[in-house]
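**Q**
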Amino acid sequence: MALHFELVTPAKLVRSDDVHMVVVPGTDGEFGVLEGHAPFMSTIRDGAVQVFKTEGGAPETIEVRGGFAEVGENGLTVLAEHVEG
Numbered sequence: 001m002a003l004h005f006e007l008v009t010p011a012k013l014v015r016s017d018d019v020h021m022v023v024v025p026g027t028d029g030e031f032g033v034l035e036g037h038a039p040f041m042s043t044i045r046d047g048a049v050q051v052f053k054t055e056g057g058a059p060e061t062i063e064v065r066g067g068f069a070e071v072g073e074n075g076l077t078v079l080a081e082h083v084e085g
């Protein structure tokens, strides 16, 4: 099963994709999210969101600055203040 991942800034939807796992730079440390993760909300620090399309695959790295991450029934949504690139 896949995790639905969305990356959003105040200006636009940057990405909406089904992936294996996402590692988020939380304020209290990095955390990984897989399909079926318990509901969770965290502030995020400046850093790299790592997106793993497949199990064991190399991650795609997306630099973000500030914001929030929310895990819910619909998957993971990262609301970033700014996305590099």
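Sequential numbering of the sequence shown, starting at 1, is according to my numbering. Ideal Cβ placement from N, Cα and C applies to all residues, glycine included.
Going by CA-CA distance only, name the one from Thr61, Pro59, Gly75 that's closest to serine 16.
**A** With distances taken between Cα atoms, serine 16 lies closest to Gly75.
**Q** Is it right to say alanine 80 is buried, meaning 16 or more other beta carbons lie within 10 angstroms of its own, or is it exposed?
**A** Buried, by the Cβ-count rule.
**Q** Taking the alpha carbon of glutamate 84 as the point to measure from, which residue in Phe68, Ala38, Val49 has its own alpha carbon closest?
**A** Selected option, being the one with the closest Cα: Val49.
**Q** List in chain order: all unbroken beta strand (DSSP E) runs of 3+ residues lying wholly within the stretch 11-80.
**A** DSSP runs (the beta strand (DSSP E)) wholly in the stretch 11-80: 13-19, 21-26, 29-34, 40-44, 47-52, 60-72.
**Q** Given a cut-off of 7 Å on the beta-carbon distance, is the pair glycine 29 and valine 23 in contact?
**A** No; because the gap between Cβ atoms is not below 7 Å, this pair is not in contact.
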